[in-house]
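Worksheet: the structure to be examined is printed underneath.
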Amino acid sequence: MCGTCGCGEDGVRVTEFGHGHGHVVDIEEDILGANDALADANRRALAEQGVLAVNLMSSPGSGKTTLLVRTLTDVGAELGMTVVEGDQETLLDAERIGATGARVVQVNTGAGCHLDATMLARAMAALAPPRGSVMVVENVGNLVCPALFDLGEAARVVVMSVTEGADKPLKYPHMFRTADLVLLNKIDLLPYVDFDVTNCVEAVRRVRPGADVLEVSATRGDGLDGWYDWLRAARTG
Amino acid sequence: MHELSITQSVVDAVTGRMGDARICRVRLEIGKLSGLVPDAVRFCFEMVATGPTCEGALVEIDEPCGHARCRTCGTAFDTDDILPLCECGSADIAVEGGRELRIREVELA
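The listed protein sequences derive, respectively, from chains C and W. Number 143 in the numbering used here belongs to position 143 of the first sequence; there are no gaps in the numbering. Just add 237 to wherever you are in the second sequence, counting from 1, and you've got the numbering used here.
Structure representation (C-alpha cells):
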C-alpha cells in the first residue's frame with residue numbers, strides 16, 4: 001500500500017514511476033459516476049413508489065410550461081400529476097403551474113444550465129409525489145447541457161416548436177438521441193412559418209430511430225389526446 | 238456550459254479519493270462523441286483545481302474517436318461525427334466507442 005495516499009486498497013492499482021516520486025494511481029471511474037449513482041437511487045425510489053418520472057426538455061420558449069399547464073388542466077387530477085420546475089431564476093413557472101391547483105416545487109439553478117440528480121433528489125423530498133402518480137420534471141430550457149445528466153427519470157420527452165428550425169434534431173443530436181418521445185409543438189402556427197414537418201420527423205428518426213413524434217398545439221389543443229395517451233401508457237408501464 | 242459542473246465533479250472525485258496527497262496531474266478520457274468539449278474542460282480545470290492538494294495540477298485528456306460500421310455495405314471506419322455518413326451514401330451506421338467519459342489516473346507529487 002502507498003504510504004502517501006493509501007492507494008492500492010480496494011482494487012486500486014499503483015504504478016511506481018522514476019525514482020520514488022510522481023507515482024501514478026489508476027482511477028478508472030466514470031466522470032459522471034457520482035451523478036449517475038444518485039440518479040439510480042432516484043430511479044429506485046421512484047419505482048418503489050410506482051411514480052412515473054418524465055424529464056421534459058427543450059430550448060427556451062418551445063412551450064414546455066404552456067404544455068404542462070394545459071396537461072395539468074386536462075388530465076392532472078386523473079394522473080395525480082406533480083411538477084418539478086427547473087429554471088435559473090424566478091418562481092414564475094411554479095406560479096403558473098401552481099395556479100392549476102397542482103403541487104409543484106421550483107428548483108433555481110442560479111448559474112447552472114441544467115438539473116442534476118442531486119437537485120431532483122432534493123425536489124423529490126420536498127414534493128413527495130404520491131404513489132402511482134406522474135411527476136413531470138421541467139428541465140432548464142437548454143438543448144445542450146441537460147442531455148448529459150441522468151436524473152433518474154423513466155422517460156425523456158423533448159419538446160420542439162415549429163418556430164424553431166426543422167433541422168434542430170441534427171444540430172443538437174445529444175439531446176434528441178436519448179428522447180423517448182418528441183413533441184412538435186405550436187403546429188397552429190404552421191401556416192405562418194417556413195417549417196417542413198416531414199423533414200423534421202426524418203431528422204428526429206435519423207438521430208433517434210424509433211422515437212415517437214407527436215404533433216401538438218398546447219394553446220389550441222391539437223394532438224394532445226395522443227400525448228395524454230402516451231402518459232397513461234407510460235404510467236402503467 | 239455543463240463542462241464547469243462536470244469538471245468540478247472531477248476535481249471533487251479525485252481530491253476526495255486521494256485524501257491529503259498532492260495531485261500534480263489528472264488524466265481524463267473524453268470521447269469525441271461524448272458531448273463534452275475538451276478545451277472547455279481544460280479551461281474550467283484551471284479555475285476549479287484549487288486548494289492545497291490540487292492547486293496548479295495539470296489535466297491531460299485522451300480523446301478517442303468513434304468506430305463506425307456501415308450496415309448497408311459493411312465498411313468499417315473511424316469517425317468524429319455523431320451522425321456519420323458512409324462513403325457509399327448510407328446513413329445507417331452503427332457507432333461504437335467515442336462516448337467515453339472517464340477519469341483514468343492521477344499522478345501524485
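All residues carry an ideal CB built from backbone N, CA and C; glycine is no exception.
Between the CA atoms of residue j and residue i - distance to the nearest angstrom
i: E85/C; j: P146/C; result: 14 Å
i: M284/W; j: L265/W; result: 17 Å
i: G288/W; j: H23/C; result: 20 Å
i: Y172/C; j: G303/W; result: 18 Å
i: G61/C; j: V193/C; result: 16 Å
i: E300/W; j: A121/C; result: 32 Å
i: L190/C; j: T163/C; result: 8 Å
i: T15/C; j: A346/W; result: Confidence in T15/C is poor, its pLDDT being 40 and thus under 50, which makes the residue's placement unreliable; the coordinate value appears in the next sentence. Taking the straight line from one Cα to the other gives about 13 Å.
i: L273/W; j: C281/W; result: 12 Å
i: V201/C; j: V263/W; result: 42 Å
i: L67/C; j: D40/C; result: 28 Å
i: P169/C; j: M160/C; result: 9 Å
i: H174/C; j: H239/W; result: 13 Å
i: V134/C; j: D229/C; result: 13 Å
i: L79/C; j: G326/W; result: 46 Å
i: L181/C; j: E324/W; result: 31 Å
i: S58/C; j: L92/C; result: 18 Å
i: D242/W; j: G237/C; result: Sequence check: residue 242/W is Ser here, not Asp. Looking at the two C-alpha atoms, the distance is approximately 33 Å.
i: A331/W; j: R254/W; result: 36 Å
Neighbour flag for residue i against chain W, beta carbons, 9 Å
i: H19/C; result: Because H19/C sits at a pLDDT of 38, beneath the cut-off of 50, its placement in the model cannot be relied upon, and the following sentence gives the value as read from the coordinates. Output row for H19/C: interface = no.
i: F149/C; result: yes
i: P191/C; result: no
i: L170/C; result: yes
i: C113/C; result: yes
i: G6/C; result: Note that G6/C has pLDDT 38, beneath the 50 cutoff, so the model's placement of it is unreliable and no number is given.
i: D180/C; result: no
i: D30/C; result: yes
i: D256/C; result: One cannot answer for residue 256/C here, as it falls past the ends of chain C, which runs 1 to 237.
i: C200/C; result: no
i: P173/C; result: yes
i: T219/C; result: no
i: R206/C; result: yes
i: R177/C; result: yes
i: I187/C; result: no
i: M1/C; result: Note on M1/C: pLDDT 39, under 50, position unreliable in the model; the coordinate value appears next. For M1/C, the answer is no, since every Cβ of chain W falls outside 9 Å of its Cβ.
i: N35/C; result: yes
i: D26/C; result: yes
i: A110/C; result: The displayed chain sequence assigns Gly, not Ala, to residue 110/C. Not closer than 9 Å to any Cβ of chain W, the Cβ of G110/C fails to qualify, so no.
Start-to-end residues for the beta strand (DSSP E) that takes in residue i
i: E342/W; result: 338 to 345
i: Q106/C; result: 103 to 108
i: S217/C; result: From DSSP, S217/C is part of no beta strand (DSSP E); its letter is neither H nor E.
i: G112/C; result: Premise fails: G112/C is in no beta strand (DSSP E) and is neither H nor E.
i: S58/C; result: 52 to 58
i: L184/C; result: 181 to 185
i: G303/W; result: 303 to 307
DSSP state of residue i mapped onto helix, strand, coil
i: D317/W; result: coil
i: G76/C; result: helix
i: C7/C; result: Low local confidence applies: a pLDDT of 37 at C7/C is under 50, so the model's placement there is unreliable, and no value is given.
i: V204/C; result: helix
i: V278/W; result: helix
i: T71/C; result: helix
i: V83/C; result: strand
i: A123/C; result: helix
i: E283/W; result: helix
i: D188/C; result: helix
i: L295/W; result: strand
i: R262/W; result: strand
i: D329/W; result: coil
i: D93/C; result: helix
Residue i: first and last residue of the uninterrupted alpha helix (DSSP H) it sits in
i: E89/C; result: Careful: E89/C lies outside any alpha helix (DSSP H) and carries neither H nor E.
i: L33/C; result: Residue 33/C is actually Gly in this sequence, not Leu. Residues 33 to 49.
i: A154/C; result: Segment: none, A154/C is in no alpha helix (DSSP H) and carries neither H nor E.
i: G253/W; result: 239 to 255
i: D225/C; result: 224 to 236
i: L170/C; result: 168 to 171
Presumed contact (8 Å Cβ cut-off) between residue i and residue j, rounded CB distance
i: D225/C; j: D188/C; result: Wrong, their Cβ atoms sit about 16 Å apart, outside the cutoff.
i: D26/C; j: E337/W; result: The Cβ separation is near 15 Å, so there is no contact.
i: A250/W; j: E29/C; result: 6 Å
i: V207/C; j: L295/W; result: Contact flag wrong, Cβ pair sits at about 36 Å.
i: L115/C; j: L151/C; result: 6 Å
i: V248/W; j: I31/C; result: About 11 Å separates the two Cβ atoms, so there is no contact after all.
i: L214/C; j: L183/C; result: 5 Å
CB contact below 9 Å: residue i versus chain C
i: E342/W; result: yes
i: L273/W; result: yes
i: C325/W; result: no
i: M255/W; result: yes
i: H304/W; result: no
i: L295/W; result: no
i: C281/W; result: no
i: A331/W; result: no
i: A277/W; result: no
i: V248/W; result: no
Residue i beta carbon near the ligand ZN (any heavy atom closer than 8 Å)
i: S271/W; result: Because no ligand of any kind appears in the structure shown, any question about the ligand ZN cannot be addressed here.
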